[in-house]
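Protein chains in written order, with our numbering: chain V, 1 to 203; chain C, 1001 to 1203. Even glycine gets a Cβ: it sits at the ideal position worked out from N, Cα and C.
Protein chains: 2
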Amino acid sequence: MSAVRVLLADDEHLIRGALAALLALEDDLEVVAEAATGPEALAMALQHRPDVAVLDLQMPGLDGVAVATSLRTGLPDCKTMIVTSHGLPGHLKRALEAGVRGFVPKTVSAQRLAEIIRTVCAGNRYVDPELAADAIAAGDSPLTAREAEVLELAAHGAPVAEIAERAALSRGTVRNYLSSAASKLGAENRHAAVRLARERGWV
Amino acid sequence: MSAVRVLLADDEHLIRGALAALLALEDDLEVVAEAATGPEALAMALQHRPDVAVLDLQMPGLDGVAVATSLRTGLPDCKTMIVTSHGLPGHLKRALEAGVRGFVPKTVSAQRLAEIIRTVCAGNRYVDPELAADAIAAGDSPLTAREAEVLELAAHGAPVAEIAERAALSRGTVRNYLSSAASKLGAENRHAAVRLARERGWV
DNA sequence: ATCCGCTCATGACATTTGTCATCGGGAGTC
DNA sequence: GACTCCCGATGACAAATGTCATGAGCGGAT
């Protein structure tokens, strides 16, 4: 059986380079392309048609999940996996919805990552147990679409008037949504609500 | 001349391992110790007495700058440098005050990092030009000690009453400080102020 | 000796937010 | 058809916040 062809996308050159070197030590893995941004990752993937795309979650342009979403239709045979520093529950959820087959934190060893790449390439899934537990504990977002949208706008510290304008809603409506969102999250005010929603990955 | 003895501290195993492997390829560099947390980095440094300590900025326990501060007195001959993903101006400032001799983003290549380690070990300093420019552009904090302290407490979304209690101030005073802080930062309200201060590394 | 800035406080006032009740329209379900 | 849920809105009221003037004590600088 020929080597697994891997695409590596991470904006941190230090990590990407080092990782490429380490994965190259594995006989059955071959890094066929590298990218530093989301759009670049997409382009490289379409050009080199790798078996597995290892994507950093946070990249300039498009994030890892967005790239995975595009690849799902653009290159359906390519398995995607996400590597990330910050393991927020919401990210995992978004990733799984995008058809990502592997989700690991950067705290794993290169050895372990290599194993997981093989696992994913074989058609299986792998999710870091700790992140999975967090995600399950966090549960689903109780927020409605509008509540989340308004909360998102409030995250920048904008006053109600500005949120209302941007969302094309009346001020009263905005306040109602913020109020109900905060109450659903058990927060004392909108800002604590933003913080909580962020932690759980709901915004 | 014998090889430069390097301590590597980063909580992300993937990066630390990969980096150690790459630096080992350089004839004149030798990784003598690795650590995944701040306290561990400190202990390993005192035990192995490296020439250069390469510290990740964000680590559990103690962050890179805190470790550098301790090393300055505990192991004065050890040169320290910081490697980071997020290059906030304030971090650089804090680092330089802590006697750090090198400050680089993780977007550099391993090759480049090796060069910088040599530079630092030779007694010179190195600061990433782009981060330096940002830091200069951001300038010094216009906030007084108390303003910064109160803003810090406000960052968690706490209401004035709670901030007042925690800072042992009257509510009115807290509001005055928040108001003046926001006005100095050109922010419309305390939350936008928190955001701005965060971006510039002033809290 | 004087001035200035930081700290901490109070009071008053306008504005913004949070909360609640209530309404109508639409989409989906049983 | 009745029911429920989400969307969007209004009005009213209480509470929190932002703003300003003003004052006192303190310490450093000229």
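Contact set for residue i: own chain, Cβ-Cβ below 6 Å, skip 5 residues either direction
i: VAL1127 (chain C); result: PHE1103
i: GLY204 (chain V); result: Here chain V comprises residues numbered 1 to 203, so residue 204 (chain V) is not present and cannot be evaluated.
i: ALA68 (chain V); result: THR80, ALA98 and VAL100
Selection from the options that minimises the alpha carbon distance to residue i
i: HIS1013 (chain C); options: V:VAL83, V:ASP51 and V:ARG166; result: V:VAL83
i: GLU147 (chain V); options: V:ALA158, V:GLU162, V:THR173 and V:ALA132; result: V:THR173
i: ALA1020 (chain C); options: C:VAL1054, C:SER1002 and C:PRO1039; result: C:VAL1054
i: PRO60 (chain V); options: V:ILE163, V:PRO50 and V:THR37; result: V:THR37
Own chain residues within Cβ distance below 8 Å of residue i, not counting five before or after
i: ALA155 (chain V); result: VAL194, ARG198 and VAL203
i: ALA1137 (chain C); result: PRO1089
i: PRO1105 (chain C); result: VAL1083, THR1084, SER1085, GLY1087, ASP1128, GLU1130 and LEU1131
i: ALA1182 (chain C); result: GLU1188, ASN1189, ARG1190, ALA1192 and ALA1193
i: ALA1003 (chain C); result: ASP1027, ASP1028, LEU1029 and GLU1030
i: ARG1175 (chain C); result: VAL1160
i: ASP1011 (chain C); result: ALA1036, THR1037, ASP1056, GLN1058, MET1059 and PRO1060
Residue i burial status per 10 Å Cβ neighbour count (16 or more: buried)
i: LEU25 (chain V); result: exposed
i: THR1073 (chain C); result: exposed
i: ARG1171 (chain C); result: exposed
i: SER1070 (chain C); result: buried
i: SER141 (chain V); result: buried
i: GLU40 (chain V); result: buried
i: VAL117 (chain V); result: Reading the sequence as shown, one finds Ile at residue 117 (chain V) and not Val. When all chains shown are included, ILE117 (chain V) counts as buried.
i: GLY1186 (chain C); result: exposed
i: ASP1077 (chain C); result: exposed
i: GLY1017 (chain C); result: buried
i: ALA95 (chain V); result: buried
i: GLY1201 (chain C); result: buried
i: ALA1133 (chain C); result: exposed
i: ALA33 (chain V); result: buried
i: ALA122 (chain V); result: exposed
The ligand FAD heavy atom lying under 8 Å from the CB of residue i
i: GLY1099 (chain C); result: Questions concerning the ligand FAD fall outside what the structure shown contains, since it holds no ligand whatsoever.
Same chain, Cβ closer than 7 Å to residue i, neighbours up to 5 away in sequence not counted
i: LEU1153 (chain C); result: ILE1163, ARG1166 and ALA1167
i: ALA161 (chain V); result: ARG171
i: LEU1075 (chain C); result: ALA1045, LEU1046 and ARG1049
i: VAL108 (chain V); result: none
i: ALA158 (chain V); result: none
Decide yes or no for the touch test of the stretch 34-47 of chain V against the stretch 85-99 of chain V: beta carbon pairs closer than 8 Å, at least 3 of them. no
Of the residues that make up the stretch 1011-1030 of chain C, which ones have a beta carbon closer than 7 Å to any beta carbon in chain V? ASP1011, GLU1012, HIS1013, LEU1014, ILE1015, GLY1017, ALA1018, LEU1019, ALA1021 and LEU1022
Three or more C-beta pairs closer than 8 Å, one from the stretch 1119-1139 of chain C and one from the stretch 28-44 of chain V: is that the case here? no
Chain-ordered residues of the stretch 1037-1058 of chain C with a beta carbon less than 9 Å from chain V: GLN1058
Taking any Cβ of chain V, which residues in the stretch 1149-1177 of chain C have a Cβ under 8 Å from it, in chain order? HIS1156, GLY1157, ALA1158 and PRO1159
Relative to chain V, which residues along the stretch 1062-1094 of chain C have a C-beta separation below 9 Å, given in chain order? VAL1083 and SER1085
Check distances from the C-beta atoms of the stretch 1098-1121 of chain C to those of chain V and list, in chain order, the residues that come in under 7 Å. LYS1106, THR1107, VAL1108, SER1109, ALA1110 and LEU1113
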